[in-house]
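Structure first, commentary second.
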Amino acid sequence: DLLNSGQTMPDNNPFAVYSNINTDKFFGVQSVREREGKESLLQFDNIENGLRAGLYVLRNQYDKYSVYDIANKYSRTDKEGYTNYLIQKLGKTFILDANNNQSVKQLAIAIMGFETGEKDNILNSLNITDEDLDLQIERSKKELADSIYSQMKKII
8 DLLNSGQTMP
18 DNNPFAVYSN
28 INTDKFFGVQ
38 SVREREGKES
48 LLQFDNIENG
58 LRAGLYVLRN
68 QYDKYSVYDI
78 ANKYSRTDKE
88 GYTNYLIQKL
98 GKTFILDANN
108 NQSVKQLAIA
118 IMGFETGEKD
128 NILNSLNITD
138 EDLDLQIERS
148 KKELADSIYS
158 QMKKII
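Under the numbering used here, think of the first position of the sequence shown as 8, with each following residue one higher.
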């Protein structure tokens with residue numbers, strides 16, 4: 008079972024997935040954290056659902072993307088730093104194969120490391136095992152119910 012220290016991941020959102028009309032529906036979203044002058048971040052009820060959502064985004068929006076394309080699309084600010092980090096972690100020739108769990112896992116670890124600032128220590132700091140990632144990759148292949156949060160927003 009995954010533990011959340013609360014210090015490195017208060018939102019249970021290690022991929023720093025932004026809030027929008029589509030992402031607010033992710034299973035497990037319980038709220039949104041507003042940030043002054045920046046896009047709001049999703050807040051998940053647990054780290055498992057946060058991992059699943061990030062993996063879902065990678066698998067569905069970045070398949071067949073190179074490190075350059077991934078960094079350019081994923082990063083809102085430091086695209087050059089992001090690109091350099093992904094090249095360092097994955098190599099210049101990396102292209103995401105969304106049907107290959109190992110490929111997805113490599114990219115996921117790099118992105119979470121960059122987004123959280125935990126770099127190579129990300130799995131330890133979130134207490135995530137390889138098996139945890141495998142499980143959430145499998146969960147990311149399934150469509151789950153829209154979050155209660157997004158359903159409540161429609162009512163209001």
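Beta carbons are placed, not taken as given, at the ideal position from N, Cα and C, and that holds for glycine.
* Looking at C-beta atoms only, is the number of pairs between the stretch 129-144 and the stretch 55-63 that lie closer than 8 Å three or more? -> yes
* Asked: Quick one: what's got a C-beta closer than 7 Å to Ala23's C-beta in the same chain, skipping five residues either side?
  -> The count along the sequence shown starts at 1 and reaches residue 23 at position 16. Only Leu48 and Glu122 meet the Cβ criterion.
* Tell me the start and end of each unbroken beta strand (DSSP E) in the stretch 42-83 that is at least 3 residues and wholly inside, in chain order. => Listed in chain order, the beta strand (DSSP E) runs fully inside the stretch 42-83 are 45-51, counting runs of at least 3 residues.
* To do: Kindly indicate which three-state DSSP category Ile102 falls into: helix, strand or coil?
  => Translated into positions along the sequence shown, residue 102 becomes position 95. Looking at Ile102 - three-state DSSP - the assignment turns out to be strand.
* Can you tell which of Glu46, Met16, Phe34 and Asp18 has the C-alpha that lies nearest to the C-alpha of Ser26? -> Within the sequence shown, residue 26 is the residue found at index 19, counting from 1. Ranking Glu46, Met16, Phe34 and Asp18 by Cα distance to Ser26 puts Glu46 first.
* Opposing strand residues paired with Val194 [DSSP bridges] -> Any answer about residue 194 is impossible in this case: the structure gives the chain only from 8 up to 163.
* Answer yes or no: do Lys80 and Tyr92 have a C-beta to C-beta separation smaller than 9 Å? => On the sequence shown, position 73 is the one that residue 80 refers to. On the sequence shown, position 85 is the one that residue 92 refers to. Not in contact: Lys80 and Tyr92 (Cβ atoms no closer than 9 Å).
* **Span separating the alpha-carbon of Asp85 from that of Ile118** => By one-based count along the sequence shown, residue 85 stands at place 78. By one-based count along the sequence shown, residue 118 stands at place 111. Going by the C-alpha atoms only, they are around 13 Å apart.
* **Residues near Thr136 by beta carbon distance below 8 Å, same chain, minus five either side** => Stepping through the sequence shown from its first residue, residue 136 is reached at position 129. Leu130.
* Asked: When you compare only the Cα positions, how much space is there between Pro17 and Arg40?
  -> Numbered from 1 along the sequence shown, position 10 holds the residue referred to as residue 17. Numbered from 1 along the sequence shown, position 33 holds the residue referred to as residue 40. For Pro17 and Arg40, the distance between alpha carbons rounds to 10 Å.
* Straight-line gap, Phe51 to Thr100 (C-alpha atoms, nearest Å) -> Sequence index remark: in the sequence shown, residue 51 carries index 44 (1-based). Sequence index remark: in the sequence shown, residue 100 carries index 93 (1-based). Approximately 33 Å between the Cα atoms of the pair.
* Have a look at Phe34 and Asn67 and give me their C-alpha separation to the nearest angstrom. => Position 27 of the sequence shown, counted from the first residue, corresponds to residue 34. Position 60 of the sequence shown, counted from the first residue, corresponds to residue 67. In a straight line, the C-alpha of Phe34 is about 16 Å away from that of Asn67.
* To do: Measure the alpha-carbon distance for Lys96 versus Ser110 and round it to whole angstroms.
  => Residue numbering aside, residue 96 sits at position 89 when the sequence shown is read from its first letter. Residue numbering aside, residue 110 sits at position 103 when the sequence shown is read from its first letter. Rounded to the nearest angstrom, the two C-alpha atoms are 12 Å apart.
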